[in-house]
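The structure appears below as structure tokens.
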Amino acid sequence: MNRVIVSKFGGGLRADEGALADAERVKQAVEIIKSDPARRYVVVAAPGSSADGSIKVTDMLYICQSLFTNKENYQEVLDKIIYRFDDIVKGLGIDFDLDSEISSLKKSLLLGKVDKTVSHGERIMAKIFAAYMGWEYVDASKLIFFNKDSTLNEEKTFSTASEILNGIEHAIIPGFYGVMPNGDIKVFPRGGSDITGAVIARAVNADVYEKWTEKSKIYIADPKIIPDSEIIRQITYNEMRELTHVGGVNMLHEDVILLLQDVKIPINIRSVRDLDSQGTMIMSKIPEGTRKITACIAGNRNFKIIKVRKYGMNKMPGAGAKFFEVLGRHGIPFEHCLSGIDTMVAVLKSPKFDLRRNDILREIDETLKPDSVKIEKDLSIVAVVGEGMGTIKGTFAKIFNAIADASIKVRMIDEGSDDCNMLLGVYDEDFEDAVKAIYNSMI
Ligand code: ASP
Numbered sequence: 001m002n003r004v005i006v007s008k009f010g011g012g013l014r015a016d017e018g019a020l021a022d023a024e025r026v027k028q029a030v031e032i033i034k035s036d037p038a039r040r041y042v043v044v045a046a047p048g049s050s051a052d053g054s055i056k057v058t059d060m061l062y063i064c065q066s067l068f069t070n071k072e073n074y075q076e077v078l079d080k081i082i083y084r085f086d087d088i089v090k091g092l093g094i095d096f097d098l099d100s101e102i103s104s105l106k107k108s109l110l111l112g113k114v115d116k117t118v119s120h121g122e123r124i125m126a127k128i129f130a131a132y133m134g135w136e137y138v139d140a141s142k143l144i145f146f147n148k149d150s151t152l153n154e155e156k157t158f159s160t161a162s163e164i165l166n167g168i169e170h171a172i173i174p175g176f177y178g179v180m181p182n183g184d185i186k187v188f189p190r191g192g193s194d195i196t197g198a199v200i201a202r203a204v205n206a207d208v209y210e211k212w213t214e215k216s217k218i219y220i221a222d223p224k225i226i227p228d229s230e231i232i233r234q235i236t237y238n239e240m241r242e243l244t245h246v247g248g249v250n251m252l253h254e255d256v257i258l259l260l261q262d263v264k265i266p267i268n269i270r271s272v273r274d275l276d277s278q279g280t281m282i283m284s285k286i287p288e289g290t291r292k293i294t295a296c297i298a299g300n301r302n303f304k305i306i307k308v309r310k311y312g313m314n315k316m317p318g319a320g321a322k323f324f325e326v327l328g329r330h331g332i333p334f335e336h337c338l339s340g341i342d343t344m345v346a347v348l349k350s351p352k353f354d355l356r357r358n359d360i361l362r363e364i365d366e367t368l369k370p371d372s373v374k375i376e377k378d379l380s381i382v383a384v385v386g387e388g389m390g391t392i393k394g395t396f397a398k399i400f401n402a403i404a405d406a407s408i409k410v411r412m413i414d415e416g417s418d419d420c421n422m423l424l425g426v427y428d429e430d431f432e433d434a435v436k437a438i439y440n441s442m443i
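Heads up, the sequence shown is in the working numbering, so the first residue is 1 and it goes up one at a time.
This is the structure:
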């Protein structure tokens, strides 16, 4: 069977991904696509921020729509959008009917159809791409279907997209949007062209889903702390979720992993600025012997701990539920939790906690009648991430020796309930030293 790759260019969660900003970048993307015949389906996002400082086209489309809604002058912003596309069309030297695309854009703008208006960023870009490549353009409204409640109608989407695309050798598809049951255009959350890419990869049962970015790379440790940090070559879906969550690495929508994890389609994050590098492969299982034990060291500052102590709490059925119920009532999620015979600890990130602090403490007092409640601040969490690391002899010893040698005080340890990570709580001021110490001991 011939391999099939679904490739996605442009867009994404981070502004600095900014690919496809101009004609040169489109030309480069096309060269990449043509260099491997397996790249048969390409998902395209709207032009990103460009070197001359112009902002993302999607941002401009949202601004345009809100200026119109507020009865303010939107023409100047609309002209900038037109200029961005016109510049790309001219740079590519193609014959393209930009006027009719702009009149369609204007029509939805004046009708106040926000989602349809902003979808034009990807629609026009994908049509330009298709015209330049001579490939078929397939509109996302033919492939991606939402339910009435705006969730993805997976069954209809996968079966229709699979049927349509399997009959086409090559296709260019605009990212970021689909269609509601009543025919209205609906967009995914911001950065959602990634989700389109994953949906298409799943529909055609791709061998790989490639996400091409301008300069995003995934490092073993934050390069601001470890400037020469190695790049992660392979990481599992679960480890990637940890990295996203604890490390705040804003690289992929959670939905992308959700869509591809159970069908085991690997995700390859690559950079158009470093074609020699194979980038990072996100997969279900790391082939044996191809990686050191840990995938990465992630972390973040500014957590808080709320520690409730009550003698014999382990023998009080429902005590934990009451504690978390109070937090839940105030809309405060907990990042991690730990418990002992007399204590219950929640690690929090939510800024809302400070606003609700007095009410929360009062309610904990009323419902649990604790011996004490303590709040500690300035906690950093360092997560050593690696599936199965807990089963490898000596891993934890290495980490703790490194931390001890660097004279860092450990405030909290959580071994991780899914054997995918080990969390260490340290003072914020020790955060960078802790990352450095662990990195040097593991690499
Ligand atoms: N262009 C859309 C956005 O800016 C989708 C994407 O970039 O992935 O959110």
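Beta carbons are placed, not taken as given, at the ideal position from N, Cα and C, and that holds for glycine.
Since we're looking at a predicted model, the values are computed, not measured.
Say the cut is 7 Å; is the CB of residue i nearer than that to a heavy atom of the ligand ASP?
{"i": "residue 176", "result": "yes"}
{"i": "residue 122", "result": "yes"}
{"i": "residue 211", "result": "no"}
{"i": "residue 193", "result": "yes"}
{"i": "residue 290", "result": "no"}
{"i": "residue 56", "result": "yes"}
{"i": "residue 25", "result": "no"}
{"i": "residue 466", "result": "With the chain covering 1 to 443 only, the question about residue 466 has no answer from this structure."}
{"i": "residue 131", "result": "no"}
{"i": "residue 11", "result": "yes"}
{"i": "residue 190", "result": "yes"}
{"i": "residue 46", "result": "yes"}
Quick test of your reading: residue i and residue j, contact by CB under 8 Å. State the CB separation rounded to the nearest angstrom.
{"i": "residue 336", "j": "residue 360", "result": "Their Cβ separation, rounded to whole angstroms, is 18 Å, which puts residue 336 and residue 360 out of contact at 8 Å."}
{"i": "residue 3", "j": "residue 207", "result": "5 Å"}
{"i": "residue 220", "j": "residue 119", "result": "About 37 Å separates the two Cβ atoms, so there is no contact after all."}
{"i": "residue 144", "j": "residue 204", "result": "About 13 Å separates the two Cβ atoms, so there is no contact after all."}
{"i": "residue 443", "j": "residue 230", "result": "7 Å"}
{"i": "residue 375", "j": "residue 304", "result": "6 Å"}
{"i": "residue 177", "j": "residue 115", "result": "7 Å"}
{"i": "residue 5", "j": "residue 36", "result": "7 Å"}
{"i": "residue 217", "j": "residue 271", "result": "6 Å"}
{"i": "residue 88", "j": "residue 130", "result": "With 8 Å as the limit, residue 88 and residue 130 do not qualify as a contact, their Cβ atoms being about 13 Å apart."}
{"i": "residue 101", "j": "residue 124", "result": "5 Å"}
Mind checking who residue i pairs with in its DSSP beta bridge?
{"i": "residue 450", "result": "Nothing in the structure corresponds to residue 450, since the chain is present only between 1 and 443."}
{"i": "residue 219", "result": "231"}
{"i": "residue 422", "result": "384"}
{"i": "residue 174", "result": "44"}
{"i": "residue 435", "result": "Residue 435 is not bridged to any residue."}
{"i": "residue 427", "result": "379"}
{"i": "residue 136", "result": "171"}
{"i": "residue 413", "result": "424"}
Please report whether the beta-carbon of residue i lies at a distance below 8 Å from any beta-carbon of chain C.
{"i": "residue 106", "result": "This model lacks chain C altogether; it includes just one protein chain."}
At least three beta-carbon pairs within less than 8 Å, the region 380-389 to the region 417-435: yes
Runs of alpha helix (DSSP H) wholly within the region 316-383 (minimum 4 residues, chain order): 319-329 and 352-368
Three CB pairs or more closer than 8 Å across the region 288-299 and the region 40-58: no
Segment contact, 8 Å Cβ cut-off, at least three pairs: the region 209-219 with the region 179-199: yes
Length at least 3, wholly inside the region 235-313: the beta strand (DSSP E) runs in chain order: 267-271, 280-283 and 296-309
Completely contained alpha helix (DSSP H) runs for the region 24-91, where each covers 4 or more residues: 57-69
The region 337-351 in contact with the region 267-287 per 3-pair CB rule at 8 Å: Short answer: they don't touch.
Contiguous beta strand (DSSP E) assignments of at least 3 residues, all confined to the region 139-204: 171-174, 177-179 and 185-187
Contact between the region 30-44 and the region 165-177 (3+ Cβ pairs under 8 Å): Yes, they touch.
Meets three-Cβ-pair contact criterion under 8 Å: the region 398-409 and the region 425-442: The region 398-409, when compared against the region 425-442, does touch it at the 8 Å Cβ threshold.
Stretch pair the region 111-129 + the region 60-67: three plus CB contacts closer than 8 Å: Output reads yes: the region 60-67 touches the region 111-129.
Three-pair Cβ contact test at 8 Å for the region 232-242 versus the region 250-259: yes
Inter-stretch contact at 8 Å, needing at least 3 Cβ pairs: the region 157-169 / the region 132-139: Short answer: they touch.
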